[in-house]
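Colleague: Take the sequence shown: its position 17, counting from 1, is numbered 18 in the numbering used here, and each next residue is one higher. Ideal Cβ placement from N, Cα and C applies to all residues, glycine included. These figures come from a predicted structure and were not determined experimentally.
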Amino acid sequence: MIVNDLITDEIPPLKYTDTVDLALNWMEEFKVNHLAVINGKELIGIVSESELLDSNHPDFSIDNLKLNLTKPVIHTNQHAYDAIKLMARLNLSLLPVLDEQENFAGSITQRSVLEKMAGITSVQEPGGIIVLNMNINDYNLTQIASIV
């Protein structure tokens, strides 16, 4: 599975000119602690809820805050495990995704990753585990296959 399969369109990116108040409202509404900030198709970085709360200026635009935005990214053709590793290492609730031309392609969230991984591993399907205890001398793959 590649990152492109994990992109969610539920959470729009912030524009560089959006206000702190709007960003905080979206974070609360979408239940994330980070949002991507873009200017056109260019990713500026991600902003965290704590940075916005520390600003104490709800009417300021993201641009006016002069924040030093981090820019952790993943590309659409990378493996999903790379995204999981990066999100876990940096403790991100949202990770921006760039396409081959380095343009913003969307974001992936912890929730979208978990939903896709749950679908792959069939954890939503009913089933069970059978444990067979036997002596090593009694081990015969043909007999075990007939039991199962």
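1) Alpha helix (DSSP H) containing Leu70: first to last residue?
2) What three-state label does DSSP hand Phe31 in the structure shown?
3) Under DSSP, the beta strand (DSSP E) around Glu43 begins and ends at which residues?
4) How is Val132 classed by DSSP in three states: helix, strand or coil?
5) What are the boundary residues of the beta strand (DSSP E) that Val98 is part of?
6) Counting only the same chain and skipping the five closest in sequence on each side, list residues whose C-beta sits under 8 Å from that of Pro59.
7) Can you tell me which of Asn136, Leu99, Tyr140 and Lys86 puts its alpha carbon nearest to the alpha carbon of Val114?
8) Given a cut-off of 8 Å, decide if Ser94 and Asn34 are closer than it, judged by their beta-carbon atoms.
9) Run through the DSSP bridge pairs and tell me what Asn40 is partnered with.
10) State the Cα-Cα distance for the pair Ser147 and Val132, rounded to the nearest angstrom.
Modeller: With the given structure in hand:
1) Element bounds for Leu70: n/a, residue is neither H nor E.
2) helix
3) Glu43 to Ser49
4) coil
5) Leu95 to Leu99
6) Thr20, Val21, Asp22 and Leu25
7) Lys86
8) yes
9) Glu43
10) 14 Å
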